Each structure stands twice: as C-alpha cells, then as structure tokens.
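Below is one structure, written out as structure tokens; the observations come after it.
Numbering (this note's numbering), first residue to last: 414 to 510.
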C-alpha cells in the first residue's frame, strides 16, 4: 500500500504522539532521525496506513495498539531516551479521551 500522499503541512512530524515516540522508542525504530513506520508497523501488527493515521492524530490508539507500543518500548537501548513508554504517556491518545 505504501505511504499516504504528502500534504506538505508536515503535521506528521509536529504531532504530540510523534514527538513522544521519538523520545521514547528504542533506536531500532528510528531511521534517519524519523520514525521507521515500516518497522513500527511490523512490530505492532498494524498496517503502515494505520501508523500514519496515529501519527497524524486522525485515529486514536486502541487498547491493542497501546499494549503493543508498551511492549516494544520496554527495552530502550539509547541512554539519551527518557525511559520506556508508560500507559500514562499513551492515555491522551486513546479511545474515549
């Protein structure tokens, strides 16, 4: 399917969720100073389109999405990262909030 059409407004990189994931995901999910959506898609079991929707804040995170993000962020190998993701980090992006 590939990446959705670029709108030119760079909202993706400015979103709060994108910034949170950049701060807390292990370095294996960061490629060229950007989130590697293909790797994140494979690790969470979601389509890349869904990942882009999360990052553009057009879709809220489901319980399953939160669980998968928590799982992949447990072992942050980069000492500059601010620790693993927590439920409290992700609740503002969840369904019903």
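Think of the CB as a built atom: it goes at the ideal place given N, C-alpha and C, for glycine as much as any other residue. From a predicted model like this one, the values you see are computed outputs, not experimental measurements.
Could you give the DSSP three-state label for residue i: helix, strand or coil?
i	result
residue 498	coil
residue 422	Model confidence at residue 422 stands at a pLDDT of 48, short of 50, so the residue's coordinates are unreliable and nothing is read from them.
residue 431	helix
residue 460	coil
residue 454	helix
With DSSP as the reference, identify every bridge partner of residue i, one or two as the case may be.
i	result
residue 443	448
residue 507	474
Out of the options, state which residue places its alpha-carbon closest to the alpha-carbon of residue i.
i	options	result
residue 502	434, 426, 428	434
residue 504	486, 478, 456, 461	478
residue 508	467, 436, 488	467
residue 458	447, 441, 469, 484	484
residue 442	499, 475, 473, 487	487
Out of curiosity, what's the CA-to-CA distance linking residue i and residue j?
i	j	result
residue 471	residue 432	16 Å
residue 444	residue 452	10 Å
residue 422	residue 438	Unreliable positioning characterises residue 422 in this predicted model, as indicated by a pLDDT of 48, which lies under 50. The coordinate reading is nonetheless provided below. Whole-angstrom Cα-Cα distance: 24 Å.
residue 456	residue 449	11 Å
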